[in-house]
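J.: Under numbering that gives the first Met the number 0, residues 0 to 262 are what the sequence shown spells out, in order.
Heads up, the beta-carbon is just placed ideally off N, CA and C, and yes, glycines get one too.
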Amino acid sequence: MNAHLAITKGDTSLQGKDLCLEQVVSKGDGKQAFYQKLINAYETDWTTTKKSWYKHYYDRYYKKESYGATTPLHIQVRSQTPLVIGHGGNSVLETSLALHRIYGVPYLPGTALKGVASHYAHRQLGDQQPALKRTGSDYNILFGSQTSAGFIQFHDAFPTPATVCKALKQDVLTAHHQDYNGIIVEPYRNDIEYKAPRDDDSPVPIPFLSASAHFGIILTCEGEQESAMKWLSLAKTVLLGALRDEGIGAKTNAGYGRLLEIE
């Protein structure tokens with residue numbers, strides 16, 4: 000069962016008389032039950048038939064020889080809080096999650112890893128280390144500039160074989176103040192009495208998918224090995240600081256997306 004296809008195309012293994020993607024979209028309800036059925040099918044599939052196959056793919060992907068003449072650095076991190084990366088992507092279910100199109104597992108896109116690292120270097124470390132400010136010498140070497148590419152390549156990070164089967168979780172957002180927020184949907188009108196937001200407004204639970212797992216991150220650098228390891232070590236420090244302190248993906252202000260290195 001491919002989770003990406005299940006929430007974008009309608010995986011036939013999840014179809015039922017009253018519970019399928021088409022029914023959920025057309026009726027606008029049943030989303031919580033649909034997500035739970037999806038998670039159950041995902042866990043069953045990845046615990047049995049796909050587990051050995053995925054380990055073979057994972058080992059090949061992280062094998063040093065897979066990166067040719069470049070010098071690779073493998074980092075393992077674990078979710079300290081749930082991840083909702085790709086939350087704002089296009090989805091018929093309103094909220095989305097970054098799921099690999101081929102393998103159907105949650106993952107961390109390399110572009111997202113590079114983005115949080117470059118932002119952290121500029122905003123958090125740049126004041127003490129000017130070379131890590133945007134356009135600074137170290138910053139340009141790590142992340143590149145408008146005229147040259149960076150030395151460090153950030154590759155997609157996949158869940159480890161031991162944690163991939165439990166990587167999908169169901170979460171919930173409890174939205175409030177629907178009457179008040181209706182002003183945003185419909186322009187303000189003098190003939191309507193709009194209710195002010197109050198703390199006793201009833202919450203409206205909105206279920207969505209999140210991810211939690213151990214992930215393998217690969218950074219690579221071209222050039223002589225000793226010099227490459229120097230820059231890889233700096234990139235690792237910056238990236239781990241960003242994942243620990245600021246998080247990755249959506250809702251980081253609410254504590255989501257924090258990752259810690261596995262020693």
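Check whether the segment 122 to 140 touches the segment 32 to 46, counting contact only when three or more Cβ pairs, one atom from each stretch, lie closer than 8 Å.
T.: no
J.: Any idea what DSSP makes of LEU239, helix, strand or coil?
T.: Here residue 239 is taken as the residue at index 240 of the sequence shown, counted from 1. LEU239 falls in the helix class under three-state DSSP.
J.: Alpha carbon to alpha carbon, how far is THR46 from LEU218? Give it in angstroms, no decimals.
T.: One-based indexing of the sequence shown puts residue 218 at position 219. One-based indexing of the sequence shown puts residue 46 at position 47. Taking the straight line from one Cα to the other gives about 29 Å.
J.: Buried or exposed for ILE183, going by 16 or more other Cβ atoms inside 10 Å?
T.: The residue you call residue 183 lines up with position 184 of the sequence shown. Note on ILE183: pLDDT 48, under 50, position unreliable in the model; the coordinate value appears next. ILE183 is exposed by the Cβ-count criterion.
J.: What are the residues that DSSP puts in a beta bridge with THR173?
T.: Counting from one through the sequence shown, the residue named residue 173 turns up at place 174. Paired residues: PRO204.
J.: How many Å lie between LEU229 and MET0 at the Cα?
T.: Counting from 1 along the sequence shown, the entry for residue 229 is found at position 230. Counting from 1 along the sequence shown, the entry for residue 0 is found at position 1. Correcting the residue identity first, residue 229 is Lys in this sequence and not Leu. C-alpha separation (whole angstroms): 42 Å.
J.: Under a three-way DSSP split, which group does ARG122 fall into?
T.: Taking the first residue of the sequence shown as 1, we reach residue 122 at position 123. Here ARG122 carries a helix assignment [DSSP, helix/strand/coil].
J.: Compare the Cα-Cα distances from GLU221 to each of PHE153, LEU258, THR146 and report the closest residue.
T.: Looking up residue 221 in the sequence shown gives position 222. Measuring from the Cα of GLU221, the nearest candidate turns out to be PHE153.
J.: State the Cα-Cα distance for the pair PRO204 and HIS176, rounded to the nearest angstrom.
T.: The residue you call residue 204 lines up with position 205 of the sequence shown. The residue you call residue 176 lines up with position 177 of the sequence shown. Roughly 12 Å between the two C-alpha positions.
J.: If you follow the alpha helix (DSSP H) that SER136 is part of, which residue opens it and which one closes it?
T.: The residue you call residue 136 lines up with position 137 of the sequence shown. 136 to 142 is the span of the alpha helix (DSSP H), which, as asked, contains SER136.
J.: Use the C-beta contact count for ASP199: other C-beta atoms within 10 angstroms, 16 or more gives buried, fewer gives exposed.
T.: As a working mapping, residue 199 is identified with position 200 in the sequence shown. Exposed.
J.: Please state whether the Cβ-Cβ distance between VAL104 and PRO158 is less than 7 Å.
T.: Along the sequence shown, read from residue 1 onward, the residue named residue 104 stands at position 105. Along the sequence shown, read from residue 1 onward, the residue named residue 158 stands at position 159. Yes, these two residues count as a Cβ contact at 7 Å.
J.: Under a three-way DSSP split, which group does GLN35 fall into?
T.: Numbered from 1 along the sequence shown, position 36 holds the residue referred to as residue 35. Helix, per DSSP.
J.: For ALA97, tell me which candidate among THR7, PHE150, GLY254 has the shortest Cα-Cα distance.
T.: The residue you call residue 97 lines up with position 98 of the sequence shown. Ranking THR7, PHE150, GLY254 by Cα distance to ALA97 puts THR7 first.
J.: Tell me, which residues are paired with VAL76 by DSSP?
T.: Here residue 76 refers to the residue found at position 77 when the sequence shown is read from its first residue. Its beta-bridge partners are PHE214, GLU260.
J.: Between LEU233 and LEU141, how many whole angstroms is the CB-CB distance? I'm expecting something under 8 Å.
T.: Taking the first residue of the sequence shown as position 1, residue 233 is located at position 234. Taking the first residue of the sequence shown as position 1, residue 141 is located at position 142. Going by Cβ atoms, the distance from LEU233 to LEU141 rounds to 7 Å, so yes, they are a contact pair.
J.: With DSSP run on the structure shown, which of helix, strand or coil describes ALA161?
T.: As a first step, residue 161 is located in the sequence shown; it is residue number 162 there, counting from the start. Residue state, collapsed to three classes: coil.
J.: Any Cβ of chain C within less than 7 Å of the Cβ of GLY240?
T.: Protein chain content of the structure displayed is limited to a single chain, and chain C is not contained in it.
J.: Counting C-beta neighbours from all protein chains within 10 Å, is the total for GLY254 16 or more, i.e. buried, or is it exposed?
T.: For the purposes of this step, residue 254 is taken as the residue at position 255 of the sequence shown. When all chains shown are included, GLY254 counts as exposed.
J.: Is the distance from the Cβ of TYR119 to the Cβ of GLU245 below 7 Å?
T.: The residue you call residue 119 lines up with position 120 of the sequence shown. The residue you call residue 245 lines up with position 246 of the sequence shown. A distance below 7 Å separates the beta carbons of TYR119 and GLU245.
J.: In terms of residues, what are the limits of the alpha helix (DSSP H) holding ILE6?
T.: By one-based count along the sequence shown, residue 6 stands at place 7. Residues 2 to 7.
J.: For the beta strand (DSSP E) that PHE153 lies in, which residues bound it at each end?
T.: Within the sequence shown, numbered from 1, the residue matching residue 153 stands at position 154. Counting along the chain, the beta strand (DSSP E) containing PHE153 begins and ends at 151 to 153.
J.: If ILE38 sits next to LEU167, beta carbons under 8 Å apart, how far is it from one beta carbon to the other, in whole angstroms?
T.: The count along the sequence shown starts at 1 and reaches residue 38 at position 39. The count along the sequence shown starts at 1 and reaches residue 167 at position 168. So it is a contact: roughly 5 Å between Cβ atoms.
J.: Do you know whose CA, among LYS113, LEU172, GLU64, lies nearest ALA148's CA?
T.: Taking the sequence shown and counting its residues from 1, one reaches residue 148 at position 149. Here the closest residue by C-alpha is LYS113.
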